[in-house]
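Engineer:
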Amino acid sequence: MPSEVSMEKIVSLCKRRGFVFPSSEIYGGLGSFWDYGSLGVELKRNIKNMWWKAIVQERDDVVGIDTSIMMHPQVWRASGHVDTFADPLVECKSCHLRWRADEIAPPSPDLSHQGRGITMEVSPAEREERGACPECGGELTEPRMFNLMFKTSVGPVEEEASTVYLRPETAQGIFVNFENVVTTSRKKLPLGIAQIGKSFRNEITPGNFIFRTREFEHMELEYFVKPGSDETWFEYWVKERLAWYLKLGVGKENLRLRQHGKDELAHYAKDCYDIDYLFPMGWSELEGIANRGNYDLGQHAKHSGRDLSYYDAEIDERYVPYVIEPSAGVDRAFLAFLIDAYHEEVVEKETRVVLRLHPLLAPTKVAVLPLSRNEKLRPLAKEIYQQLCPKFVTCYDDSQSIGRRYRRQDETGTPFCITIDFDSLEDHQVTIRERDSLAQIRVPIEELEKIIEAKLKGESFDTTPLWAARQK
Ligand code: GAP
Numbered sequence: 308m309p310s311e312v313s314m315e316k317i318v319s320l321c322k323r324r325g326f327v328f329p330s331s332e333i334y335g336g337l338g339s340f341w342d343y344g345s346l347g348v349e350l351k352r353n354i355k356n357m358w359w360k361a362i363v364q365e366r367d368d369v370v371g372i373d374t375s376i377m378m379h380p381q382v383w384r385a386s387g388h389v390d391t392f393a394d395p396l397v398e399c400k401s402c403h404l405r406w407r408a409d410e411i412a413p414p415s416p417d418l419s420h421q422g423r424g425i426t427m428e429v430s431p432a433e434r435e436e437r438g439a440c441p442e443c444g445g446e447l448t449e450p451r452m453f454n455l456m457f458k459t460s461v462g463p464v465e466e467e468a469s470t471v472y473l474r475p476e477t478a479q480g481i482f483v484n485f486e487n488v489v490t491t492s493r494k495k496l497p498l499g500i501a502q503i504g505k506s507f508r509n510e511i512t513p514g515n516f517i518f519r520t521r522e523f524e525h526m527e528l529e530y531f532v533k534p535g536s537d538e539t540w541f542e543y544w545v546k547e548r549l550a551w552y553l554k555l556g557v558g559k560e561n562l563r564l565r566q567h568g569k570d571e572l573a574h575y576a577k578d579c580y581d582i583d584y585l586f587p588m589g590w591s592e593l594e595g596i597a598n599r600g601n602y603d604l605g606q607h608a609k610h611s612g613r614d615l616s617y618y619d620a621e622i623d624e625r626y627v628p629y630v631i632e633p634s635a636g637v638d639r640a641f642l643a644f645l646i647d648a649y650h651e652e653v654v655e656k657e658t659r660v661v662l663r664l665h666p667l668l669a670p671t672k673v674a675v676l677p678l679s680r681n682e683k684l685r686p687l688a689k690e691i692y693q694q695l696c697p698k699f700v701t702c703y704d705d706s707q708s709i710g711r712r713y714r715r716q717d718e719t720g721t722p723f724c725i726t727i728d729f730d731s732l733e734d735h736q737v738t739i740r741e742r743d744s745l746a747q748i749r750v751p752i753e754e755l756e757k758i759i760e761a762k763l764k765g766e767s768f769d770t771t772p773l774w775a776a777r778q779k
């Protein structure tokens, strides 16, 4: 993480440039819910598309699925979430603020790593430490377990029998469809089922902007394997997922792997690694990769009465597959990509804020900028804009000076600006300015599409470097 990045700067940039807004802002917002603006939605979609491409499209051992947010309540009993998906909550007797007991005592430098579903044994010494509210110093209540699942009811009558939960993970939608997918995909193990979708958790202490929220998007893969091969596949997926972030430009020095201690594992996990990112508040979980063993299929088989074992024709044997689960948060990845891309640098005595996002993640790929608002430039500039729009997310901007427009595009991570000047009307050439190198090259208009496409793929091409002197 570049040293100058603070969460305040990221939040301010997100608000100012239309990446992220507080939800229901005109009514004062709603705690830890956020809306994504016009640039935010593009970045978020690009993250999801890159994940889907790597996990589903480019592999023949993974298929996708899209399951409902609300599921039969038995699903959450079988999965263990009704009983154990809870955090220990304490309340201040004076100011009534609520805290996660495990986050305020005993003090821990890496709070965000705390696992879920751990039974809290509270020693008298710890209770002493827990005695004070971090906000006002008031006395705290005894901890009680607080289930993080949101409840609602299905149908017009609100009664116990109609209670359902908003899913806290997309994974269970995959497990309960395991049989359907194996039958219809006609694929053999190892087989992965991938899903992207919303999850909901009534977090006690959400915060750090979009790092921990009550509504977020999951990108989850459940990769089913033969028991005994699980450890090899576990290692494989840890490496694979780390490589994904690196390939999309996250600095190696800002990523680390951290294995969970035995006391920290979630109720379903046999082993787990976190991919941590160095966020402004310190190293915190970006993605978790768990070896869930055969816990989930076993539990659903028991609770539903269905045989969820798999017939392996190669060894003529039935078994309940083990599952490796890389589980990432879209919003948390969004935050990490933004923080990693954020740079401030001095160019010609002015501070330039630049988001060095990977071009494939950048919300806008191309900005079409006529040198001025002169009427003569407008038709050609508009024609180029129309030509590029169907191919790339393109914006058109002719307000203010060209220098200020470049800065605006730098700040939102647009990798290429195309400038149309008076020479363009004569020689049918325009200038491409690159966000990172600030290099400017002159290219024929009819080649633009091809050149930008090649540049987005990271391919080199032959053009004539030009006018360093003209660069503003
Ligand atoms: N199915 C496994 C599972 O949900 P998790 O570690 O609880 O595991 C996986 O969540 C990822 O989902 C996290 O690494 C994080 O990126 C994201 N995530 C979890 N809770 C979140 C929250 N409250 N707000 C934003 N992202 C969250």
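Quick note: the sequence shown uses our numbering, first residue 308, plus one each step.
For each residue, glycine too, the CB sits at the ideal point set by N, CA and C.
1) For the candidate residues TYR575, GLU486, ASP743, ASP367, whose alpha-carbon lies nearest to that of ALA648?
2) Considering only residues of the same chain and omitting the five flanking positions on each side of GLU428, which have a CB-CB separation below 8 Å?
3) Using C-beta distances below 7 Å, list every residue in its chain close to TYR692, excluding the 5 sequence neighbours before and after it, in chain order.
4) Taking all protein chains shown into account, do 16 or more other C-beta atoms lie within 10 angstroms of the C-beta of LYS505, making it buried, or fewer, making it exposed?
5) LYS762: buried (16+ other C-beta within 10 angstroms of its C-beta) or exposed?
6) Buried or exposed: which applies to PHE768, given that a residue is buried once 16 or more other Cβ atoms fall within 10 Å of its Cβ?
7) Could you work out which residue in ILE739, ARG366, ARG625 is closest to LYS672 when comparing CA atoms only?
8) For GLU651, I'd like the list of residues in its chain whose CB is within less than 6 Å of its CB, leaving aside the five on either flank, ordered along the chain.
9) Closer than 7 Å to a non-hydrogen atom of the ligand GAP - does that hold for the CB of SER330?
10) Report whether the distance from the Cβ of ALA643 to the nearest heavy atom of the ligand GAP is below 7 Å.
11) Confirm, please, whether the CB-CB distance from GLU510 to LEU455 is below 8 Å.
12) Please indicate yes or no: does the CB of THR391 lie closer than 7 Å to some heavy atom of the ligand GAP?
13) Just verifying my parser: in three-state terms, what is the DSSP assignment at HIS420?
14) Mark THR539 as exposed unless 16 or more other C-beta atoms lie within 10 angstroms of its C-beta, in which case mark it buried.
15) Cα separation between GLU522 and LYS533?
16) Is PRO666 close to the ligand GAP? I mean its beta-carbon at under 7 Å from any heavy atom of the ligand.
17) Curious, which full-length beta strand (DSSP E) runs of at least 3 residues does the stretch 581 to 620 contain?
18) Starting from the N-terminal side, write out each stretch of the beta strand (DSSP E) that is 3 residues or longer and does not extend beyond the stretch 368 to 406.
19) On the three-pair Cβ rule with 8 Å, is the stretch 631 to 648 touching the stretch 591 to 598?
20) Under three-state DSSP, which class holds LEU473?
21) Have a look at SER375 and GLY480 and give me their C-alpha separation to the nearest angstrom.
22) Return yes when the C-beta of PHE523 is under 7 Å from any heavy atom of the ligand SAM, and no when it is not.
23) Taking the alpha carbon of ALA361 as the point to measure from, which residue in LEU662, VAL327, ILE725, GLY499 has its own alpha carbon closest?
24) Let me make sure I understand the geometry here. Which of GLN364, GLU632, GLU718, ARG714 has the alpha-carbon closest to that of LEU662?
25) So is the beta-carbon of PHE523 under 7 Å away from any non-hydrogen atom of the ligand GAP?
26) Looking at PRO513 and the ligand GAP, is the gap between the Cβ and the nearest heavy atom below 7 Å?
27) CA-CA distance, ARG565 and ARG548?
28) Where PRO416 and GLU410 are concerned, what is the direct C-alpha to C-alpha distance, given to the nearest angstrom?
29) Could you tell me the boundaries of the beta strand (DSSP E) in which ASP342 lies?
30) Mark PRO633 as exposed unless 16 or more other C-beta atoms lie within 10 angstroms of its C-beta, in which case mark it buried.
Structural biologist: Looking at the coordinates:
1) Considering only alpha carbons, the answer is ASP743.
2) Below a pLDDT of 50, predicted positions are generally treated as unreliable, and GLU428, at 37, falls in that range; no measurement from the model is reported.
3) VAL675, THR701, TYR703.
4) Taking all protein chains in view, the Cβ of LYS505 is surrounded by fewer than 16 other Cβ atoms within 10 Å, so the residue is classified as exposed.
5) For LYS762, the number of other beta carbons within 10 angstroms of its own is at least 16, and it is reported as buried.
6) Because the pLDDT of PHE768 is 45, which lies under 50, any placement of that residue in the model is unreliable, and the question is left without a value.
7) For the residues ILE739, ARG366, ARG625, the minimum Cα distance to LYS672 belongs to ILE739.
8) The answer, listed in chain order, is GLU311, THR658, VAL660.
9) A distance criterion of 7 Å places the beta-carbon of SER330 beyond contact range of the ligand GAP, judged by its closest non-hydrogen atom.
10) No, the beta carbon of ALA643 sits no closer than 7 Å to any heavy atom of the ligand GAP.
11) At a Cβ-Cβ threshold of 8 Å, LEU455 and GLU510 count as neighbours.
12) Result no, Cβ not under 7 Å from the ligand GAP.
13) At HIS420, the pLDDT of 38 sits below 50, so the modelled position is not reliable and the matter cannot be decided from this model.
14) So THR539 counts as exposed.
15) Going from the Cα of GLU522 to the Cα of LYS533 covers about 34 Å.
16) Answer for PRO666: no, Cβ out of range of the ligand GAP.
17) If you keep only unbroken beta strand (DSSP E) runs of at least 3 residues inside the stretch 581 to 620, you get 589 to 600, 617 to 619.
18) Listed in chain order, they are 369 to 371, 393 to 398.
19) The stretch 631 to 648, when compared against the stretch 591 to 598, does touch it at the 8 Å Cβ threshold.
20) Assigned with DSSP and collapsed to three states, LEU473 falls in strand.
21) Using only the alpha carbons, I get a separation of about 7 Å.
22) Absence of the ligand SAM is noted for the structure shown, with the ligand GAP being the only ligands found.
23) Relative to the Cα of ALA361, the nearest Cα in the group LEU662, VAL327, ILE725, GLY499 belongs to GLY499.
24) Out of GLN364, GLU632, GLU718, ARG714, GLU718 has the C-alpha closest to the C-alpha of LEU662.
25) Placement of the Cβ of PHE523 at a distance of less than 7 Å from at least one heavy atom of the ligand GAP is found.
26) For the ligand GAP, at least one heavy atom lies less than 7 Å from the Cβ of PRO513.
27) The alpha-carbon atoms of ARG565 and ARG548 are separated by roughly 13 Å.
28) Any answer about PRO416 is weak, because its pLDDT of 36 lies below 50 and its placement is not dependable; what the coordinates show is given next. Just so you know, the alpha carbons of PRO416 and GLU410 end up roughly 10 Å apart.
29) 341 to 343 is the span of the beta strand (DSSP E), which, as asked, contains ASP342.
30) A residue is called buried once 16 or more other Cβ atoms fall within 10 Å of its Cβ, and PRO633 is buried on that count.
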